[in-house]
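Visitor: So the sequence shown is numbered by the UniProt record's numbering: it starts at 1 and just counts up by one. Submitted below is the structure of interest, expressed as structure tokens.
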Amino acid sequence: MSNVLRIESVRIHPGSATREEAMKEAADLLQATGSVTADYFAAMQQREQTVSTYMGNELAIPHGTNETKQAILESGLSVVRYDGGVDWGGEPVTFVIGIAGKGDEHLEILSQIAMLFSEEDDVARLKAASSPEELYEALAGSVNA
1 MSNVLRIESV RIHPGSATRE EAMKEAADLL QATGSVTADY FAAMQQREQT VSTYMGNELA
61 IPHGTNETKQ AILESGLSVV RYDGGVDWGG EPVTFVIGIA GKGDEHLEIL SQIAMLFSEE
121 DDVARLKAAS SPEELYEALA GSVNA
């Protein structure tokens, strides 16, 4: 499960976005690296209608449903920080991490992300990253194990 996060899948936006726009960008970044097909955005929307992917601590992790696994080509992550925030069904989100896990790999990836975002100091460090490269470096050690 190495290198699920690539530098080209990390972005920082000074402004805000809608939940729909944020999910679309997360899916587009996953598609650009060959992790998912174009159908994955619809799978993310489907999941979000069933259950919110808001995780707390300014984090949302949009992902597809079990029924849409065929849209996943390989495990991958996309990370977008919205400094202006995203209203995620009434919850404030700064980090949108798109996840695509081949087989059961998503469980391990989710676990690594959950641990990282459970620490307020780590979240503050991620918010303080001044460039996508710096944000990538702060995340890669945890998720590219």
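C-beta: ideal position from N, C-alpha, C; glycine also.
1) Quick one: what does DSSP say G141 is sitting in, helix, strand or coil?
2) Which residue marks the beginning of the alpha helix (DSSP H) containing E25, and which one marks its end?
3) I'd like to know whether the C-beta atoms of K102 and S75 end up nearer to each other than 7 angstroms.
4) Here's a check: name, in chain order, each residue in its chain whose Cβ is nearer than 8 angstroms to the Cβ of M1, leaving out the five neighbours to either side.
5) Excluding the 5 residues flanking I61 on each side, which residues of the same chain have their C-beta closer than 6 angstroms to its C-beta?
6) What would DSSP say about S111, mapped onto helix, strand or coil?
7) To the nearest angstrom, how far is the alpha carbon of A17 from that of K69?
8) Considering only residues of the same chain and omitting the five flanking positions on each side of H13, which have a CB-CB separation below 8 angstroms?
9) Where DSSP assigns a beta bridge to P92, which residues make up the other side?
10) Looking at N57 and the ligand NAP, is the gap between the Cβ and the nearest heavy atom below 6 angstroms?
11) Would you kindly report the start and end of the unbroken alpha helix (DSSP H) that includes L126?
12) Starting from E8, trace the alpha helix (DSSP H) both ways and give me its first and last residue.
13) According to DSSP, simplified to helix, strand and coil, what is A38?
Guide: Here's the rundown:
1) Residue 141 sits at position 141 when you count from the first residue of the sequence shown. Reduced to three states, the DSSP call for G141 is helix.
2) Counting from one through the sequence shown, the residue named residue 25 turns up at place 25. That run of the alpha helix (DSSP H) goes 19 to 32.
3) To locate residue 102, count along the sequence shown from 1; it is residue 102. To locate residue 75, count along the sequence shown from 1; it is residue 75. Result yes, Cβ atoms of K102 and S75 sit closer than 7 angstroms.
4) Locating residue 1 in the sequence shown gives position 1, where the first residue counts as 1. Since pLDDT at M1 reaches only 48, below the 50 mark, its modelled position is unreliable, and the value read off the structure follows with that caveat. Within the same chain, M1 has close Cβ partners S75, E105, E108, I109, A145.
5) Looking up residue 61 in the sequence shown gives position 61. Once the five neighbours on either side are set aside, the close Cβ partners of I61 are T53, M55, I97, I99.
6) In the sequence shown, the residue the question calls residue 111 occupies position 111. S111: helix per DSSP, three-state reduction.
7) By one-based count along the sequence shown, residue 17 stands at place 17. By one-based count along the sequence shown, residue 69 stands at place 69. Answer to the nearest angstrom: the Cα atoms are 27 angstroms apart.
8) For the purposes of this step, residue 13 is identified with residue 13 of the sequence shown, where counting begins at 1. V80, R81, Y82, D83, G84, listed in sequence order.
9) By one-based count along the sequence shown, residue 92 stands at place 92. For P92, which the question treats as bridged, DSSP gives the partners D87.
10) Of ligands this structure carries none, so the ligand NAP is not represented either.
11) As a working mapping, residue 126 is identified with position 126 in the sequence shown. 120 to 128 is the extent of the alpha helix (DSSP H) around L126.
12) As a position in the sequence shown, residue 8 is number 8, starting the count at 1. Run containing E8: none in the alpha helix (DSSP H); it sits in the beta strand (DSSP E), 5 to 13.
13) The count along the sequence shown starts at 1 and reaches residue 38 at position 38. If DSSP states are grouped into helix, strand and coil, A38 belongs with coil.
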